[in-house]
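There are 2 protein chains.
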Amino acid sequence: MKKSERVKKTTAKAGIRQENEKIILKAAESVFAEYGFRGATTSMIAEQANIPKANLHYYFPTKEALYRQVVDNIFNIWLQAADSFDDCDDPVEALSRYIEKKMDISRDNPMGSKVWANEIIQRAPVIQDYLETTLKDWTESRAVIIRRWIAQGKINPIDPQYLLYMIWSTTQHYADFNHQIETLNGGTPLSDAQYRVAKDNVIEIILTGIGAVQRRRNSLLQDNSPKDQQEKSDRA
Amino acid sequence: MKKSERVKKTTAKAGIRQENEKIILKAAESVFAEYGFRGATTSMIAEQANIPKANLHYYFPTKEALYRQVVDNIFNIWLQAADSFDDCDDPVEALSRYIEKKMDISRDNPMGSKVWANEIIQRAPVIQDYLETTLKDWTESRAVIIRRWIAQGKINPIDPQYLLYMIWSTTQHYADFNHQIETLNGGTPLSDAQYRVAKDNVIEIILTGIGAVQRRRNSLLQDNSPKDQQEKSDRA
DNA sequence: TTATTTCCTGACCATTTGGTCAAGTTAACG
DNA sequence: CGTTAACTTGACCAAATGGTCAGGAAATAA
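Protein chains in written order, with UniProt numbering: chain A, 1 to 236; chain B, 1 to 236.
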């Protein structure tokens, strides 16, 4: 009988599990994003992760367990974005920050957004619970804030839920439909500068659209963002 | 099978093919919408259509042929919406009509929108050609119109492509994410009245957002849509 | 009527799929 | 060193999948 059920080390062997799980999760995210749960296969994921399929099943016993883990990570990112919409008296500040955050996430983690989209399209077999609890509560709490802005005359009277849908859809579109956007952009991804403009446009149109700011013709940007949008180091 | 054919075609046999293809295509659309091309199975589609799988393959030799047909139908609907964005001097009229049309399509044909979303997420294996030709040309022609409105001082200077993305994403969101919307709506779909409000909100925010109309606080609606919006025939 | 075309379907097949397993290899620890 | 626990993987399996086919049913044409 084995007497030493040791606690995991922090040495070579110990890091292997952590490392491999990370590699597998990343591969899984991109395959699930592209093909959805049913359409993805464990072989594809293993291949993407550059490991034998049997090894994948050593770390994640079932496809479903792996998927759940992926979805969980994505939900955490969602929560992170949600936090940036804080209870602030100034709608311009609160919404600008939130939209900007969501746009950043779309750019930095497009696969996650696609997995989420697939989940919803498939009627949320895994995250339905989140939708009914965490998401619903959060949405209602933000609706309260938005209604207060309306009552204070800071924005036009619009129904909070539809404003949120507009923010979600517009920002996530840059992740979920990035292939279409890229195609229309001549086959190349939006540059950093273009993405900056896209972001500013989204913020501008929504904030103006709800009457939070009074934009007049010929002034695209106010000062909602620093001026450093110029060259911004094109990434390859 | 059923003897529920009330409307006889010219001859019984003649109408059978047409009728069955329609049933199969409808079933295929909803299954492809939910699971994507890879995730969908011909058995699922056959079951949804209430016919044996072998019969499905009698009408559509391969899964891919069936999928292409589905996608083709959807593209035609897209074209139909595209037509409603006409070369009009008034941005309010042109955009209101276009957005309204897109919202109606999202409501009447949510499955089609989801198939499209899946296609794009999967990098458009089937419609890439459309994206590069028809869609690109259309987008550029609309950009010209939008730039003219800007030059004429009718709307704020925004980049046309990002405006189009916002319209697409916002309107299609009501189809692609209708499950999430329904969940947040307490488990029931948006009523006709709610959908009407959603539509008006979208039109209002975007038109105001680009400076096409000067909305002030406390006046949600103007008369942005024609009179015939009266009852709109409550479905179910 | 008979002949012909169209439609229908249970049974079948080759391939792919999620998942297992036993036999290894590698690293930690005494 | 030897023992042990963690990691690796080729080979395998049962179920699911896309697709076929032969034979039958139904409508139309002759």
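Cβ coordinates follow ideal geometry from the N, Cα and C atoms, glycine included. Because the structure is a prediction, the values reported are computed rather than measured.
Closest by C-alpha distance to isoleucine 155 (chain A), out of B:Val144, B:Ile205, B:Ser191, B:Lys199, is B:Ile205. Under the DSSP assignment, alanine 40 (chain A) falls outside any alpha helix (DSSP H); it carries neither an H nor an E label. Going by DSSP, aspartate 192 (chain A) is part of the alpha helix (DSSP H) stretching over 192–209.
If you draw a 10 Å sphere on the C-beta of isoleucine 16 (chain B), you find fewer than 16 other C-beta atoms in it, and that means exposed. Going by DSSP, lysine 154 (chain B) is part of no alpha helix (DSSP H) at all; its letter is neither H nor E. Residues of chain B with a Cβ closer than 8 Å to the Cβ of isoleucine 105 (chain A) do not exist; the shortest Cβ-Cβ separation is about 15 Å. At least one CB atom of chain A sits nearer than 8 Å to the CB of glycine 39 (chain B). The region 163–170 of chain B makes no contact with the region 193–201 of chain B: fewer than 3 CB pairs, one atom from each, lie closer than 8 Å. The Cβ neighbour count for glutamate 100 (chain B), taken over all protein chains shown within 10 Å, is at least 16; the residue is labelled buried. Within chain A, not a single residue places a beta-carbon under 9 Å from that of glutamate 100 (chain B); the smallest gap is close to 15 Å. For asparagine 201 (chain B), the closest Cβ of chain A is nearer than 8 Å.
In the three-state DSSP reduction, alanine 82 (chain A) falls in the helix class (H, G or I).
For glutamine 214 (chain B), same chain residues with a beta-carbon under 8 Å away, outside a window of 5 residues either side, are Thr208 in chain order. In this structure the region 20–28 of chain A touches the region 48–67 of chain A; the number of beta carbon pairs closer than 8 Å is three or more. When secondary structure is reduced to three states using DSSP, phenylalanine 32 (chain A) falls in the helix class. In this structure, DSSP gives glutamine 128 (chain A) a helical state, which the three-state scheme calls helix. At least one C-beta of chain B is nearer than 8 Å to the C-beta of glycine 36 (chain A).
In this structure, the CA atom of threonine 42 (chain A) is about 29 Å from the CA atom of proline 189 (chain A).
Neighbours of lysine 53 (chain B) in chain A, taken as residues whose beta carbon is under 8 Å from its own, are absent, since the nearest beta carbon is some 17 Å off.
In this structure, the alpha-carbon of alanine 175 (chain A) lies about 31 Å from that of arginine 148 (chain A). Here alanine 49 (chain A) carries a helix assignment [DSSP, helix/strand/coil]. Under the Cβ criterion of 8 Å, tyrosine 165 (chain B) is counted among the residues facing chain A.
In this structure the region 65–75 of chain A touches the region 23–37 of chain A; the number of beta carbon pairs closer than 8 Å is three or more. Put simply, the backbone Cα of aspartate 192 (chain B) is about 16 Å away from that of histidine 179 (chain B). Secondary structure note for valine 115 (chain A): its alpha helix (DSSP H) is the uninterrupted segment 110–121. Straight-line measurement puts the Cα of alanine 151 (chain B) at about 46 Å from the Cα of valine 31 (chain B). Cβ-Cβ distances below 6 Å link proline 110 (chain A) to Ala175, Asn178 in the same chain, with the five nearest sequence neighbours on each side left out; the list follows chain order. Close to isoleucine 120 (chain A), with beta-carbon spacing below 8 Å, are these residues of chain B in chain order: Asp176, Phe177, His179, Gln180. By the Cβ test, the region 84–97 of chain A is not in contact with the region 113–131 of chain A, since fewer than three Cβ pairs between them sit closer than 8 Å. In this structure, tyrosine 130 (chain B) sits away from phenylalanine 85 (chain B), with a CB-CB distance that is not shorter than 8 Å.
Residues Ala27, Ala28, Val31 of the same chain have their beta carbon placed closer than 6 Å to that of isoleucine 45 (chain A), with the five preceding and five following residues left out of the count. Not one beta carbon of chain A lies nearer than 8 Å to the beta carbon of aspartate 83 (chain B). When rounded, the separation of the alpha-carbon atoms in threonine 133 (chain B) and glutamine 172 (chain A) is 25 Å. Our two residues, phenylalanine 37 (chain A) and glycine 39 (chain B), have alpha carbons roughly 8 Å apart in a direct line. Taking every protein chain shown into account, the CB of leucine 135 (chain A) has 16 or more other CB atoms within 10 angstroms, so this residue is buried. Within chain B, not a single residue places a beta-carbon under 9 Å from that of histidine 57 (chain A); the smallest gap is close to 20 Å.
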